[in-house]
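Residue numbers (the working numbering): 350 to 719. Each residue gets a CB set at the ideal place from its N, CA and C atoms; glycine is no exception.
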Amino acid sequence: MTKSADVIVIGAGIIGLSVAWRLAKAGVSVIILEQGQAGAQASGAAAGMLAPLSEADKPGPFVELGIASLRMYPDFVASLKEESGLETECVSPGLLRAALNAEEAEALQTANRWQQATGLKAVLLSGEEARKIEPGLSPDIVVATLSPDEKQYESPRLVRALALACARRGVQIIENAPVTGFQTFGDRVEQVRTLTDVWEGSSVVIAGGAWSKAIGEWLGVNLPVSPIRGQILSLRALPPPIRYTVYSHAGYLVPRPDGRIVVGATAEEAGFDVRPTAGGVAHLLMMAPALVPSLKEAVFDSVWAGLRPATPDRLPILGLLPGWRNVHAACGHFRNGILLAPITGEAVALSILSPDPHPMIEPFRADRFQ
Ligand SMILES: Cc1cc2nc3c(=O)[nH]c(=O)nc-3n(C[C@H](O)[C@H](O)[C@H](O)COP(=O)(O)OP(=O)(O)OC[C@H]3O[C@@H](n4cnc5c(N)ncnc54)[C@H](O)[C@@H]3O)c2cc1C
């Protein structure tokens with residue numbers, strides 16, 4: 350096994366894999382060190398929505414980054430399919446964001462004004478109009494926004510495809526290899542240490558998801574990422590009661606092609622505990638029929654949880670670490686790491702390969718927390 354590569358990536362979630370794949374496509378040799386299994390943390394738990402409009406409450410750098418990444422998705426998944434042999438696309442007509450009371454309706458109407466200026470389609474509908482296109486919706490829904498561009502992908506499949514595509518490009522994914530520290534010289538990291546080995550690379554990428562804070566601390570850099578647990582479950586109902594992703598203030602329903610409806614998600618501070626709880630499951634089971642009443646009859650399928658990597662401003666941390674010449678951050682993607690995977694791969698790879706940073710990276714630098 351080679352113990353050196355051009356770039357060492359820490360973490361094999363969707364972010365580390367996307368950065369590694371983009372670098373490998375540019376002819377760069379990459380080793381990914383993963384403390385557990387590739388894709389087994391937040392990236393494997395995610396609902397897989399690509400929803401830059403629904404996930405934002407105001408226009409700004411996050412929406413712009415999200416839209417740029419959304420626009421990269423068709424090429425990203427086409428290339429993934431070609432290189433991995435796996436189909437990752439979920440055919441989806443888009444997302445319906447529903448309001449169940451006057452206050453939520455006002456918020457949707459206000460948001461619709463800035464959404465119109467983004468270039469993505471966002472159509473305001475009355476409850477009745479929404480039920481015409483999605484008859485399973487609750488009669489309590491008073492207003493909805495239809496976003497046909499906000500798609501969804503099955504994230505465990507995306508991650509599997511990315512891991513395969515990386516491997517076929519020669520990326521070494523070393524599992525069960527927790528990074529425990531660095532050997533530094535001046536403003537450079539020279540070696541990355543795991544429990545049993547030492548790894549050398551010209552550049553290092555920190556893509557450790559909710560665990561990134563500890564990695565930053567070894568270098569004296571504040572990467573304030575903390576875990577926010579999301580519990581999420583699936584129901585089975587045939588024929589499928591919805592075709593659109595239904596998104597609301599309280600949670601969302603994501604229909605899968607095999608008849609499962611993914612119901613998500615809680616948002617809790619529970620440290621690094623990924624065990625689902627009775628209260629979390631109860632909340633999701635109450636929320637689902639409030640949006641689509643026939644889900645009361647659905648069969649319970651399974652429940653799981655993941656840790657969203659959250660920063661204080663809920664924005665990711667991207668690019669060169671302050672004070673270090675060869676260490677790059679790709680972490681803190683909170684609720685939107687699936688959406689932001691293509692643009693993160695591109696922007697972080699560029700920060701390694703080129704003296705000119707990606708034009709969108711500036712608001713997301715770690716400098717804002719030092
Ligand atoms: C319930 C839920 C629903 C979600 N839904 C969506 C959604 O619909 N759309 C969307 O865009 N996003 C969604 N997200 C958010 C998304 O899952 C995350 O933003 C994304 O997965 C973060 O990817 P990551 O690679 O940074 O983190 P992870 O997938 O957690 O990967 C980080 C990896 O780093 C490894 N690691 C950490 N420290 C070390 C170390 N010292 N040494 C070696 N390896 C290390 C970990 O083991 C882990 O595998 C959801 C999240 C949850 C929990």
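{"Query": "Residue range of the alpha helix (DSSP H) that includes E566", "Result": "561 to 566"}
{"Query": "Buried or exposed (CB count within 10 angstroms, at least 16 for buried), K407", "Result": "exposed"}
{"Query": "Residue from P712, F713, A696 whose Cα sits closest to the Cα of D705", "Result": "A696"}
{"Query": "Cβ-Cβ separation, V538 to N675 (assumed contact under 8 Å), whole Å", "Result": "6 Å"}
{"Query": "Where the beta strand (DSSP E) through F713 begins and ends", "Result": "No beta strand (DSSP E) contains F713, which DSSP labels as neither H nor E."}
{"Query": "Sequence-distant residues of the same chain with beta carbon closer than 8 Å to I564, five excluded per side", "Result": "I359, V528, I555, G557, L572"}
{"Query": "Residues bridged to Q521 [DSSP beta-bridge criterion]", "Result": "I380"}
{"Query": "N685 burial status per 10 Å Cβ neighbour count (16 or more: buried)", "Result": "buried"}
{"Query": "Inter-residue Cα distance where the pair is L602 and D546", "Result": "44 Å"}
{"Query": "heavy atom of ligand 1 below 8 Å from A556 C-beta", "Result": "yes"}
{"Query": "Close Cβ partners of L419 (< 7 Å) along its chain, the five nearest in sequence each way excluded", "Result": "L399, P401, D498, L688"}
{"Query": "DSSP state of L664 mapped onto helix, strand, coil", "Result": "coil"}
{"Query": "As assigned by DSSP and simplified to three states, the class of H677", "Result": "strand"}
{"Query": "Neighbourhood of G443 by C-beta, 8 Å cutoff - its chain only, sequence neighbours within 5 removed", "Result": "L495, S496, P497, D498, E499, K500, Y593, T594"}
{"Query": "9 Å Cβ cutoff met for A354 and S378", "Result": "yes"}
{"Query": "Cβ pair count under 8 Å reaching 3, the segment 574 to 585 against the segment 608 to 618", "Result": "yes"}
{"Query": "Delimiting residues of the alpha helix (DSSP H) encompassing V603", "Result": "Per DSSP, V603 belongs to no alpha helix (DSSP H); it is in the beta strand (DSSP E), 601 to 604."}
{"Query": "Beta-carbon proximity list for V440, same chain, < 8 Å, skipping 5 on both sides", "Result": "P606"}
{"Query": "Distance cut-off 8 Å: N571 Cβ against heavy atoms of ligand 1", "Result": "no"}
{"Query": "Element boundaries [alpha helix (DSSP H), containing T693]", "Result": "690 to 702"}
{"Query": "Environment of A471 [buried if 16+ CB atoms lie within 10 Å]", "Result": "buried"}
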